[in-house]
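Under my numbering, think of the first position of the sequence shown as 2, with each following residue one higher.
We put the CB at the ideal spot given by N, CA and C, even for glycine.
Values in this document were obtained by computation on a predicted structure and should not be read as measured data.
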Amino acid sequence: MTTHKVGYFIGSLAKDSINRKLAKALMRFAPPELEMSEISFKDLPLYSYDYDADYPPAGKAFKAAIAAVDAVLFVTPEYNRSIPGGLKNAIDWASRPYGTNSFTRKPSAVIGTSPGAIGTAVAQQNLRSVLSFCNSPQMNAPEAYIQFTPGLITDDGEVTNDTTADFLRTFMQNFHVFIARVRSVLPKDA
């Protein structure tokens, strides 16, 4: 059994974020072959190329955390029809300085939840565009736009709706298959 390390980003910095609840649910449904760990970006300053010559410790630690995983999962809300500023800032840090893009050839998947009926669809479209530029192979299906309703996911990540639970389980199983497929042709250290 091959284990893949997966780092996940929660796009919201809020401690009570519904996307944090979704991330907890996804951890429950991850196949045992996926070793999941959060990659936090809350301590990163705003990116500027002035840092490129000498990354601060938070930037170095962030890039090292991404380098240590085989794949990445983005669990993000939608802010103003796009991705949250903090998440975009984190991606900027990871992709710089030029020639050291942490997402190059790193398999990725995107999911999110919001109270709205389109469940982060526009944010995910924006994020996919950024990840394409960063040369990250993306799992394009199943798409996962979760409309959050009160009580759908508990604070501990328990999903109370069987249909949603089945969908999230399938999403994580598909992500595992996708990672294995990408890593078979793009080994981590190639």
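Grab the span of the alpha helix (DSSP H) containing residue i for me, first residue to last.
i      : result
Leu88  : 86 to 96
Ala145 : Run containing Ala145: none; DSSP gives neither H nor E here.
When the distance is taken between beta carbons, is residue j closer than 8 Å to residue i?
i      : j      : result
Gly8   : Asn20  : no
Thr3   : Glu36  : no
Ala24  : Val76  : yes
Leu169 : Thr161 : no
Phe176 : Ala110 : yes
Tyr50  : Gly60  : no
Tyr99  : Ile119 : no
Asp71  : Lys189 : yes
Gln174 : Pro32  : yes
Rounded to whole angstroms, how far is the Cβ of residue i from the Cβ of residue j, which I believe are closer than 8 Å?
i      : j      : result
Arg97  : Tyr48  : 7 Å
Ile222 : Pro108 : In the structure as shown, the chain starts at 2 and stops at 191, and residue 222 therefore has no counterpart that could be examined.
Ile67  : Ile40  : 6 Å
Val73  : Phe10  : 7 Å
Ala1   : Leu45  : This structure leaves residue 1 out entirely; the chain is present only between 2 and 191.
Phe172 : Ile112 : 7 Å
Lys43  : Asp156 : Going by Cβ atoms, the distance from Lys43 to Asp156 rounds to 19 Å, so no, they are not a contact pair.
Would you mind working out which of the options sits nearest residue i, comparing C-alpha positions?
i      : options                       : result
Glu137 : Phe176, Trp94, Asn81, Phe104  : The question names Glu, but residue 137 is Ser in the sequence shown. The option with the nearest alpha carbon to Ser137 is Phe104.
Phe30  : Leu187, Ser185, Tyr99, Glu159 : Glu159
Glu144 : Val183, Lys6, Asp156, Arg129  : Arg129
Thr101 : Ala142, Lys89, Asn141, Tyr56  : Tyr56
Mind checking if residue i is an interface residue toward chain D, Cβ cutoff 8 Å exclusive?
i     : result
Ser38 : Note that chain D does not occur in the displayed structure, where there is just one protein chain.
For the beta strand (DSSP E) that residue i lies in, which residues bound it at each end?
i    : result
Lys6 : 5 to 11
Which whole runs of the beta strand (DSSP E) in the region 101 to 174 are 3 residues long or more, in chain order?
Correct list: 109 to 115, 146 to 148.
Runs of 4 residues minimum, wholly inside the region 4 to 90: which ones carry the alpha helix (DSSP H) assignment?
The DSSP assignment places complete alpha helix (DSSP H) segments of no fewer than 4 residues inside the region 4 to 90 at 19 to 30, 58 to 68, in order along the chain.
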